[in-house]
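Report on the structure given below.
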Amino acid sequence: MPANQLYGMEPHVYDILAEFGVRKCCKRTYQRGQRFIYAVVYFFSTPEGAYGAYNYLRQGSSTIVVRGAGSSEDDQSISFWKGQSFVRLSQTSEEDEESKEALRAVAKVIDASIAPTSLPPLVLNQLPVIDRVNGTEKLVMGPNSGRRFFPAPYVGSLSLERARAAVTADYRFQMPPERLKLLVVDYGTVSLAGSVYENYRSTLDAEHDAKDVSDANTPTGIVKLDNGYMLVQLRGSRIFVIMGARKRVSPLMLARQIP
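In structure tokens form, the structure reads like this:
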């Protein structure tokens, strides 16, 4: 049986969770009369993988009652991550306060059974805070998650499977009005980042003729695509890619905000 079927997932979902280091999952169904609650706990090899799964699969919005290291919920589901685990709970009844309370009670029990939590991945600190759209942060831990969360041309040429850490998020500018996507990739070494940057630029230049930004402090290229401008920049052991800008100046403005 294919691995994704063992986990009860669509293949494209399993491919991303496999990059995040999923190791096993446990499922349980609770029933009272015609009310059903479904609980699924995914276990990962690292807390970073659990966090990545939470941001990928969570439903609803952030909650006031925090479970684990972060949680979200809507009328029929609760999602949270804690330690090396990601938890999804759902129930079948609509507009049923008793079922909602039962869902919260199950979440409390599972939360208490998981070992103390970890802090969010440190790579998040490399994302600028100003203008960031909360809730759009996604960890990238390989080519499948890269293509899913950051659909830039030739993203497979960024060797994301060799990166030490990578993260993407959306940014909204008021002036000029823009919605941009930023990918930060930390390769851990200057030499690896440099070789990946040269390879990516070569691939990009062959089709799109990216232009060097002469007044940038580090190697930077910018290219006009069908859906807007895209910037790629090398800075030490990191590469930044910014896409979706309607104005050429916008990705340069965001790049200057990256710490």
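Residue numbers for the sequence shown follow the working numbering, so the first one is 642 and each next one is one higher.
Every residue, glycine too, gets a C-beta built ideally from N, C-alpha and C.
Item	Value
Run the CB neighbour count on residue 670, radius 10 Å, all protein chains shown included, and call it buried at 16 or more, exposed below.	exposed
Does DSSP classify residue 683 as helix, strand or coil?	strand
Looking only at its chain, what residues have a beta carbon closer than 6 Å to the beta carbon of residue 695, apart from the 5 residues adjacent to it on each side?	722, 727
Looking at the strands, I want to know which residues DSSP matches up with residue 871.	864
Look at the Cβ atom of residue 686, then the Cβ atom of residue 700, and state whether they are nearer than 7 Å.	no
Just the C-alpha distance for residue 886 and residue 871, rounded to the nearest angstrom, thanks.	7 Å
Can you name, in chain order, every residue of its own chain whose Cβ lies under 6 Å from the Cβ of residue 779, other than the five neighbours on each side?	696, 790, 809
Quick check on the burial criterion: 16 or more other C-beta atoms within 10 angstroms. Buried or exposed for residue 785?	buried
Between the beta-carbon of residue 891 and the beta-carbon of residue 840, is there less than 7 Å?	no
Could you say which of 878, 678, 845 lies nearest to residue 716 if we only look at CA atoms?	678
Determine the direct distance from the alpha carbon of residue 708 to that of residue 895, and round the result to whole angstroms.	33 Å
DSSP on residue 661, reduced to helix/strand/coil?	coil
Taking the C-alpha atoms as reference points, what is the distance between residue 863 and residue 710?	38 Å
Can you give the Cα-Cα distance for residue 816 and residue 755, rounded to whole angstroms?	45 Å
What span of residues does the beta strand (DSSP E) with residue 720 cover, start to end?	718-723
Rounded to whole angstroms, what's the CA-CA distance from residue 665 to residue 724? Just pull it up for me.	15 Å
Tell whether a beta-carbon distance below 7 Å holds between residue 689 and residue 762.	yes
Note down the Cα distance separating residue 642 from residue 655, rounded to an integer number of angstroms.	Interpretation of residue 642 is limited by its pLDDT of 47, a score under 50 that renders its predicted location unreliable; no figure is taken from the coordinates.
Cα separation between residue 751 and residue 744?	11 Å
Please identify the residue among 649, 881, 801, 652 whose C-alpha is closest to the C-alpha of residue 767.	881
Quick check: what's the CA-CA separation for residue 793 versus residue 807?	15 Å
Relative to the alpha-carbon of residue 737, which residue among 730, 788, 859, 676 has its alpha-carbon at the smallest distance?	676
Distance check for residue 769 and residue 898, CA to CA, integer angstroms please.	6 Å
Starting from the Cα of residue 874, find the closest Cα among 888, 856, 866 and give me that residue.	856
Taking the alpha-carbon of residue 850 as reference, which of 861, 838, 865, 837 has the nearest alpha-carbon?	865
Which partner residues does residue 812 have in the DSSP bridge list?	773, 821
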